[in-house]
């Protein structure tokens, strides 16, 4: 019987068409992920090559004046995307992964964005996570909406009721065919993605796989739940599509509107202004005062004294430092606000499987807002190291050719490893169990 | 064909639907969604613009508070351009959440426009934005498909269609009547949204260029009416051609999925894949390379600027730059700014062309896809489209250039000809009254003309679709079968 049911299922044109469509879109999405990774890689390679020639050219031009040289030289700090990022591009198209910064004031540099076409951002990436989160539910809807009603509508349901010992078992058999088919497609897509994007087989990939399997189970349970109310095919299709619309578009969009209105980020704009004023107004104020503030921050440089005659680099970089020091309050407030946004949306996502799925994927792939904030923090540390290395050399009046430039290759952001546990699965697992219980209750009345 | 019959049939269709409970449930839900998106749209508009205006003023205050100083210091002190949200963005967010909000404007450098809402987003934004435009483009068509799928198919299934036809109604009247009946239903959902927008434009405070907004509002209204007409006729056409009501519904749902979700997303992704965006470094280093090739004004031994100096000296008949009637340092910087800004513009234009090519693929699908057509039309008339953003960038760059050049002019005029380089100290300065004289940046809405040209393809597509769908209706009226 299983074989016959299977053949009957595959005879439907809509089923075949939607299978082909999802496999095609899955393949395209993996291709897009691959292109994303290789574009990022090419950009990183380019940065690595460029840095050497960039430094050489500037050293040649300004080797006698290290202060002036450091005005120009940029150092790259790179957030190398993980292979999983090709599967879930997340926020890494909005947020840059390459910082090229000078030792001048940090706040004026670290928020600079990449070149992006806002229309692409609005449309979003067609990556595998999109196919999984948005399109798999649709496939499941197409597969389940008439699993019962097609029998009542063609008049075979009575026959089935008489001939099978358990109607529920019959329906579950039909359902299992669809489940097996969808899991096969999912398995194939994940395998292909793993190979094409060369994703290592580690805990993160396992978690991504488990999340996907649970998510598919959730939608099957939901579909089965609706179908068991024994409504017509048309009603079921409409009901399921409406649920899809509410869960995947309206609710998240509503939550986003709430978050945007509840947590606006004026702090970002304030930081921009206060870092400018912090630095630029020092050109007109007492030099000694600026230097005093600078030494209060870095007592170790006090030995360089208070040169106040004309222009000198100690004073200049002290002024630059003031840009950062004077905007500290706004920067802190900005970080707090962002953290708050992240926290609230994670909380909300716990109750919304698709949103949890997206955020968890981004988290695992290192393409979340949280990861980007850490990258920005690390950029701050990177910048501080550069400053501490160059400040004494500049203040001592050393020349550019005495610095060992070979050590300044682009640096990579080290992500903290580990810390991902099964906890990330819990909201998904609960949603799944809840849905299965609900559909079991309804199915009992069959 | 009698007009009175069309009206009668339309009213009959309406009456039937108004007798069901479903329509009231749908109306209530839709009104709640409308209210929520209206409130958050208006809040967002007011809040963001207040924030941006405050910061624009704050930045201006510290600009004006500068004491007498060397103008080149002011060129680096710089200014900010904050992007104002368009009034109609309360109706359609367009791409405003994905574009940067603020850019620092200073001499020699074109900075990136930073701090987009998308950059602050945790990822929730990617599920879409709840705006009134989204309700009209996504949710309302689904509702209309639901209300219209059975219009003909059910009557055929239960045999009332035969009776109607035998009583003297003809097919044309039935099809037109039902389409118009459905359209009237559509207006029930549509009018509140337009009213909210109308009242916002009427009573909202501090709107930029309100007269323009009214014309935009009317154009939007027309665009959406055309769109809703198309949707209504499509529902009736599918309902007539389908074998059963169930099939009609499934076909309509399939159309919705394809046209609303799959095609737009895929076409934009294809555009992005076919015309890849260059990396920021390639872009910047290409500009840098060109500038160096032309002449680096910061390099004292640059051949281009040496030649320039010699020719300036020759024209004025003097043999050293300190004898010139103006400050030569300012002159060199003015020339440098001019060449580097031109080269930057050249590269930036070709970058924009790449973006346009990426966008065009999805834009052109609008010819076949009325859902994309209305989206482009809506974004163009609300001023929240790609053009609107490019326009802001261009305004900011123009202001930046003027600021830098104004400071260079001041340097040429007021700074001693002996002081060629360096801008530190209180000796070679220009009076602070000049800072106030230079006006603040103000983001102006792009002219309606440019929005019109941007929307033209979409409007054309909508008009053709209306025309074709009615033509299809007439054609169908000769072919359709009652059984």
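Residue numbers (the numbering used here), protein chains in the order written: chain A, 27 to 472; chain B, -15 to 467. Heads up, the beta-carbon is just placed ideally off N, CA and C, and yes, glycines get one too.
Contact of residue 187/A with chain B by beta-carbon distance below 8 Å is absent, the smallest such distance being about 22 Å. Pairing residue 472/A with residue 166/A, the inter-Cα distance amounts to about 21 Å. Residue 460/B and residue 157/B have their C-alpha atoms spaced approximately 12 Å apart.
Separation of residue 188/B and residue 358/B (C-alpha to C-alpha, rounded to the nearest whole angstrom) is 25 Å. Within 10 angstroms of the beta-carbon of residue 256/B lie 16 or more other beta-carbons, which makes it buried. Per DSSP, the unbroken alpha helix (DSSP H) holding residue 204/A starts and ends at 193 to 222. Among the CB atoms of chain B, none fall inside 8 Å of the CB of residue 74/A.
Between residue 274/B and chain A, the shortest Cβ-Cβ separation is not below 8 Å. In the DSSP annotation of this structure, the continuous segment of the alpha helix (DSSP H) that includes residue 266/A starts and ends at 259 to 271. Proximity to residue 153/A across 98/A, 233/A, 58/A peaks at 58/A, based on C-alpha coordinates.
Pairing residue 381/A with residue 102/B gives a Cβ-Cβ distance that is not under 8 Å.
Counting of Cβ neighbours within 10 angstroms places residue 163/A among the buried residues, the total reaching 16 or more. The beta carbon of residue 305/A is closer than 7 Å to those of 131, 345, 346, 348, 349 in its chain, skipping five residues each way along the sequence.
Fully contained in the region 389 to 449 of chain B are the following alpha helix (DSSP H) runs of length 4 or more, in chain order: 417 to 421. In the DSSP assignment, the residues bridged to residue 98/B are 86/B. Contact between the region 86 to 94 of chain B and the region 60 to 75 of chain B is established, with three or more Cβ pairs separated by less than 8 Å. Residue environment for residue 50/A: exposed (fewer than 16 other C-beta atoms within 10 angstroms of its C-beta). For the region 260 to 272 of chain B, the set of residues with a beta-carbon nearer than 8 Å to any beta-carbon of chain A comprises 260, 261, 262, 263, 264, 265, 266, 267, 269, in chain order.
Checking the DSSP bridge columns, you'll see residue 124/A partnered with 104/A.
Residue 438/B counts as buried, since no fewer than 16 other beta carbons sit within 10 angstroms of its beta carbon.
When secondary structure is reduced to three states using DSSP, residue 226/B falls in the coil class, being assigned neither helix nor strand. Going by DSSP, residue 111/B is part of no alpha helix (DSSP H) at all; its letter is neither H nor E. The beta carbons of residue 383/A and residue 241/A sit closer together than 8 Å. The C-beta of residue 172/A has 16 or more other C-beta atoms within 10 Å across all chains shown, which makes the residue buried. For residue 42/B, the chain A residues whose C-beta falls within less than 7 Å of its own C-beta are 299, listed in chain order.
Between residue 390/B and the set 420/B, 136/B, 145/B, 185/B, the nearest pair of CA atoms involves 420/B.
Listed in chain order, the positions of the region 360 to 377 of chain A with a beta carbon within less than 7 Å of a beta carbon of chain B are 364, 367, 368, 371.
Under the Cβ criterion of 8 Å, residue 253/B is counted among the residues facing chain A.
Using a C-beta cut-off of 8 Å, the region 407 to 414 of chain A makes no contact with the region 51 to 70 of chain A, since fewer than three inter-stretch Cβ pairs fall below that distance. Taking the Cα positions, residue 369/B is about 42 Å away from residue 411/A. The C-beta distance from residue 54/B to residue 413/B rounds to 6 Å, short enough to meet the 8 Å contact threshold.
Where residue 66/B is concerned, the enclosing beta strand (DSSP E) starts and stops at 63 to 66. Residue range 229 to 253 is occupied by the alpha helix (DSSP H) that includes residue 245/A. The residue from 37/A, 182/A, 246/A, 293/A with its alpha-carbon nearest to that of residue 457/A is 246/A. The beta carbon of residue 250/B sits closer than 8 Å to some beta carbon of chain A. Taking 7 Å as the cut-off between beta carbons, the residues of the region 361 to 391 of chain B near chain A are 370, 373, in sequence order.
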